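Step one of this worksheet: look at the structure below.
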Amino acid sequence: MSPLKGKEKSLVGMVHLRALPGTPRSSRKISEIVRIAVEEAATLREAGFDAVLIENMHDLPYLKRGVGPEITAAVTAAAAAVVKVVDCPVGIQLLAGANREALAAALAAGAAFIRAEGLVFAHVADEGIMEADAGELLRYRKAIGAKGIRIFADIKKKHSSHAITADLDLAQTAHAAEFFGADGLIVTGTATGAPTGKADLLQAREGTSLPLLVGSGTTPENLEDLWDAADGFIIGSWLKEGGRWDRPLDPGRMKAIIAAAGRRRGTKP
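Residues in the sequence shown are numbered from 0 upward in steps of one, following numbering that gives the first Met the number 0.
Next up, the structure:
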């Protein structure tokens, strides 16, 4: 079962957009940001990734549940350019939890999916308390005619405290996300680059029939171990020089991940 069109299991490579206009670290023109995004997306696709996911990672510190029109416009420009040059699904995530803006950008750019934070239940994020938005988001998707854009939702996501839902396990959270209309679910470790636990994936699977994606900490070694428990892998930090999300793509690391997936794709169950 693949969350994306194509292979049985999907490898999704991250494109971390350079800091966008108006954010503290912004220093580049939009044309340069778009050019870098296109180059990285093309590199990931040529390396063998099945999809790419565009994210405004460099925009920290992030706003909660909304970004300005300048961010939505810039992301749309970058995503539209990427869609033109790669023959694979393209996704968008807008930090932090700006799911409506991500959906609007995806519709305008011709992207295939979004990664959504906080679809169900509340949690305490770096940015503060983030409440669930499934009701508003799915109504918005319907209203703008974006039904074909899939929503992959993080559950008990990284960089967050889940003390207020400590009595709910991943199976219950996964079940709620499916009930509330998610198209796929993402399970992560505790932070960017932190490994996702196999036990967490198996527990989430108890509560849902939706595709499950590993959302953080994938390496060639644990990809092979997690392969049978997941339907896809979103990979970002490990593909960069030194395993740092803010560094350039490392050809050797990309090759190693693709090779690890190739070994499992060639293994009969």
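C-beta: ideal position from N, C-alpha, C; glycine also.
Note that the structure is a prediction, hence the values are computed from the model and not measured.
Check the C-beta distance from Val123 over to Ser159 and give it rounded, since I have them as a contact under 8 angstroms. 6 angstroms
In angstroms with no decimal places, state the Cα-to-Cα distance between Leu186 and Ala73. Per the sequence presented here, residue 186 reads as Val, with Leu not at that position. Cα-Cα distance, rounded: 28 angstroms.
Every unbroken beta strand (DSSP E) inside the stretch 155–229 [3 residues or more]: Correct list: 183–186 and 211–213.
Look at the alpha carbon of Val51 and the alpha carbon of Thr164, and state the distance between them as a whole number of angstroms. 31 angstroms
Can you check which of these residues, Ala97, Phe151 and Arg243, is closest to Glu126 by C-alpha distance? Ala97
From which residue to which residue does the beta strand (DSSP E) around Arg114 run? Phe112 to Ala115
If you run the structure through DSSP and keep just helix, strand and coil, what is Arg24? Coil at Arg24, not helix or strand.
Give me the Cα-Cα distance between Ala229 and Leu211, rounded to the nearest whole angstrom. 5 angstroms
Taking only three categories from DSSP, how would you classify Lys239? Look at Lys239 here: in three-state DSSP terms it is strand.
With 16 as the cutoff for other CB atoms within 10 Å, does Phe178 come out buried or exposed? Exposed, by the Cβ-count rule.
Tell me which same chain residues have a C-beta within less than 7 angstroms of the C-beta of Pro194, skipping the five on either side of it? Gly188, Gly216 and Asn221
Kindly indicate which three-state DSSP category Gly90 falls into: helix, strand or coil? strand
Please report the distance separating the alpha-carbon of Gln202 from that of Ala170. In this model, Gln202 and Ala170 are separated by some 5 angstroms (Cα to Cα).
Cutting at 7 angstroms between CB atoms, please list the residues of its own chain near Asp168, excluding the five before and the five after it. Same-chain partners within the cutoff: Gln202.
Inter-residue Cα distance where the pair is Ala152 and Ser26: The alpha-carbon atoms of Ala152 and Ser26 are separated by roughly 31 angstroms.
Do we get a CB-CB distance below 8 angstroms when we pair Ala175 with the residues of chain D? In the structure shown, chain D does not exist; there is a single protein chain.
Under the assumption that Ala162 contacts Leu10 (Cβ atoms under 8 angstroms), give the Cβ distance between them as a whole number of angstroms. Their Cβ separation, rounded to whole angstroms, is 33 angstroms, which puts Ala162 and Leu10 out of contact at 8 angstroms.
DSSP three-state label for Val85, please. coil
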